[in-house]
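A.B. asks: Just so we're aligned, residue 1 is where the sequence shown starts under UniProt numbering, counting upward by one.
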Amino acid sequence: MGVQSIDVEDDQFAYRYDTQLLIDRRDKDLDEDEIADYITEHFEGNSLIAAGDEDLIKIHFHTNEPWKILEYCNTVGEIYDIVVEDMIRQSDGLQG
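(1) Return the chain-ordered ranges of every alpha helix (DSSP H) run that is complete within the UniProt domain "Fatty acid kinase subunit A-like middle" (15 to 91) and spans a minimum of 4 residues.
(2) Between TYR15 and chain D, is any beta-carbon pair separated by less than 8 angstroms?
(3) Distance check for GLN90 and ALA36, CA to CA, integer angstroms please.
(4) Give me the residue from GLY93, VAL83, GLU85, LEU30 with the minimum Cα distance to THR75.
(5) Among the candidates HIS62, ASP92, LEU94, whose CA atom is the shortest distance from the CA of VAL83?
(6) Kindly list the residues whose CB is nearer than 8 angstroms to the CB of CYS73, restricted to its own chain and excluding five residues on each side of it in sequence; keep chain order.
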């Protein structure tokens, strides 16, 4: 499944939502590289960080569809400490 990318050079906020969460292990060990590869291949966005170990992974990703990231991550493990911030609102001095 190919993902078309927006030219972020032309639009500072091409990906509006800063999406952050933690994934806790359920039944099997977590693999940060596997999770990062899946997100990169299946979801449009940028600034991906997937860091952690087999028990806990921190995700940070800029996207226009944060709910898709949350849905996927929920299939991998238990998700919590979820933060979705609107970077356009933040740049306007509003609550994100």
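Where is the CB? At the ideal position from N, CA and C, for every residue including glycine.
C.D. replies: On the basis of the supplied data:
(1) 32 to 42, 66 to 76, 87 to 91
(2) The chain inventory of the structure shown lacks chain D, comprising one protein chain alone.
(3) Cα to Cα, the separation comes out at about 26 angstroms.
(4) Here the closest residue by C-alpha is LEU30.
(5) HIS62
(6) A distance below 8 angstroms between beta-carbons, with the five flanking residues on each side excluded, links CYS73 to the following residues of its chain, in chain order: LEU21, ILE23, ILE35, ILE59, ILE79.
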